[in-house]
Structures are given as C-alpha cells and as structure tokens.
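**Q** Once you've had a glance at the structure underneath, I'll fire off some questions.
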Amino acid sequence: MNLIGVFFTAWVVGFSGAMMPGPLLTVTISESARRGAKAGPLLMVGHAILELSLVIALVLGLKRFLVNQVFITMVSFLGGLFLLWMGCSMLKDVWQGKVSLDFSAKGRQSMIGPVAAGILVSLSNPYWTIWWATFGLSFITKAWVYGPAGLALFYTGHILADFTWYGAVSLAVAKGRKVMSDRLYRGIIAVCGAFLIGLAATFLWNGIGPVLLGYDRTY
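In the numbering used here, the protein residues as written are 881 to 1099.
Put into structure tokens, the structure is as follows:
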C-alpha cells in the first residue's frame, strides 16, 4: 500500500463507519434541525479534535490503557449517563413545548455548543474507543510505515469522510426545515431523544453488566 492507497483506504473505511447509525448521527440530525447546516461541520470539528488526540495517543502507546476493562467499563457507564441526560432533555423539551422552529419565540439553545457536543458524544460511545484501539490501531501501524506523512494522510482521509457524510446529512436536514412543520420537528427531536435513551441503556448495561455478572471482558 502506497501513500495514495493509505489516504483512499482511510477515506473509504471512514466513510463506511460514518454512515452507521449511532449517537453522533442522531445528534447531528437534531442539531441540524435546530441550528441549520452549520451544525454538522461544527460537530465534526469537535469530533476531529478528539480523534486527532486519540491517534497521537495510540502512536505513543496508549492501546493497553484503552482496552483495559476498568477503562471500558467507566467509559460505558459515564457515556451512558451522558446520552441518557441528552435523550431525556430532548424529550422533556418536547413535552414542555420548548421545541419550536420559531427560535425568536419559545425555542432555546442547547446547554452545550456543537463543538463540545462533537467531543462529548464521540467520547460517550465505548465502541468508538474500542474501534480505534483495535482496527484503528492496525491501520495506524500500516500508515506509520511511511512516517508522519503516512499518518497525516491516514488521518486526513479518515476525518474527510466524516466531514463529507455528516456535512451532507446536516445540509439535507437544514434544507428540510423550510418545509418542516413544528409538529414534524418535535417528532424528529422526540425520536432522536428516544434513540439516545436506548443507546444509553445499552452502554450502561455494557458498563455495569460485566461487574454485576462477575465476568472479565477482553478485547
């Protein structure tokens, strides 16, 4: 695999991963309906900052820490709590009538900005951490054969896929706001909130389940 191959493969693999449903996609949809097309790129700025930090950490030998059972349990539990808070906040706002496309009236902004949300939502997903500590690390190893240039092309290809997909999703949702009623908007936010609560339950169980059942989890 040459340098061009490193970039292209990272882009394709990154794109296939970005298209999978998850908390980041859910938040992108809800934030794009709230803020417009800029939400997706801003979320990706936070996501990109976190992933760059993780790539550097993996190069420096952080894999053993990332696949440690205690660390994964902590990420799963805390991530589940964060997603539970986000999901419940969305449903609460819908129930109390605080969700509206008329932002000058009763709509309100999120407590955290989209860049911070991009970091926190990504970090809340334990499968994201596991992916990077296993498959992502093997890819980094191949790219590192070419030194810093290979690593830079790998990261650029990977994050470009994220910006491409989530930017497209954000633009599509933002365009739909022009023909979207308040009722439909509230329905979208409610579905997103319920989905995040479901993911939160999964992450919380993955965090405390092994502890309650008394078995070790290895990756």
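Glycine included, each C-beta is placed from N, C-alpha and C at the ideal position.
1. Between Phe962 and Cys968, what straight-line distance do the alpha-carbon atoms span, to the nearest angstrom?
2. Do the CB positions of Leu905 and Ile1077 come within less than 8 Å of each other?
3. Is there at least one non-hydrogen atom of the ligand NAP closer than 7 Å to the beta-carbon of Pro903?
4. From Arg1057 to Trp891, what distance separates their C-alpha atoms?
5. For Gly941 and Gly1037, which I take to be in contact (beta-carbon distance under 8 Å), what is that distance rounded to the nearest angstrom?
6. Determine, using beta-carbon pairs with one atom in the segment 1065–1083 and one in the segment 897–915, whether at least three such pairs fall under 8 Å.
7. In terms of residues, what are the limits of the alpha helix (DSSP H) holding Phe1034?
8. Is the distance from the Cβ of Ile929 to the Cβ of Pro1006 below 8 Å?
9. Would you mind stating whether Met900 and Gly998 have Cβ atoms separated by less than 8 Å?
10. Please classify Ile884 as buried or exposed, where buried requires at least 16 other C-beta atoms within 10 Å of its C-beta.
11. My assumption, with CB atoms under 8 Å, is that Gly1087 sits in contact with Ser956. Please give the rounded CB distance.
12. Have a look at Asp1062, Ser1004 and Tyr1035 and flag the residue whose alpha-carbon is nearest the alpha-carbon of Ser933.
13. Assign Phe887 to one of two classes, buried (16 or more other C-beta atoms within 10 Å of its C-beta) or exposed (fewer than that).
14. Ala997 lies in the alpha helix (DSSP H); which residues open and close that run?
15. Report the option in Ala1080, His927 and Leu1084 whose CA atom is closest to the CA atom of Met966.
16. Have a look at Trp1011 and Arg915 and give me their C-alpha separation to the nearest angstrom.
17. What did DSSP end up calling Met970 once you bin it into helix, strand or coil?
18. Which of the three DSSP states is assigned to Leu940 in this structure?
19. May I have the straight-line CA-CA distance separating Gly960 from Ala996, to the nearest angstrom?
20. Are any of the Cβ atoms in chain D nearer than 8 Å to that of Lys1022?
**A** Looking at the atomic coordinates:
1. Their Cα atoms are separated by approximately 10 Å.
2. Taking 8 Å as the Cβ cut-off, Leu905 and Ile1077 do not qualify as a contacting pair.
3. Summarising the ligand content, the structure contains no ligands, and the ligand NAP is consequently not present.
4. Looking at the two C-alpha atoms, the distance is approximately 30 Å.
5. Not a contact, Cβ separation roughly 23 Å.
6. Judged by pairs of C-beta atoms under 8 Å, the segment 1065–1083 touches the segment 897–915, as three or more such pairs exist.
7. In the DSSP assignment, Phe1034 falls within the alpha helix (DSSP H) that extends over Gly1027 to Gly1056.
8. No, the pair does not count as a contact, with Cβ atoms beyond the cut-off.
9. Cβ distance not < 8 Å, so Met900 and Gly998 don't count as in contact.
10. That one is exposed.
11. For a cut-off of 8 Å, the C-beta gap from Gly1087 to Ser956 is around 3 Å, short enough to register as a contact.
12. Restricting attention to Asp1062, Ser1004 and Tyr1035, the CA atom closest to the CA of Ser933 is found in Tyr1035.
13. Phe887 is buried by the Cβ-count criterion.
14. Segment Pro994 to Leu1003, the alpha helix (DSSP H) holding Ala997.
15. Of the residues Ala1080, His927 and Leu1084, the one whose Cα lies closest to the Cα of Met966 is Ala1080.
16. Those two C-alpha atoms are separated by around 30 Å.
17. Helix at Met970.
18. Secondary structure of Leu940 (DSSP, three-state): coil.
19. Their backbone Cα atoms lie some 17 Å apart in a straight line.
20. No chain D appears in this structure, which consists of one protein chain only.
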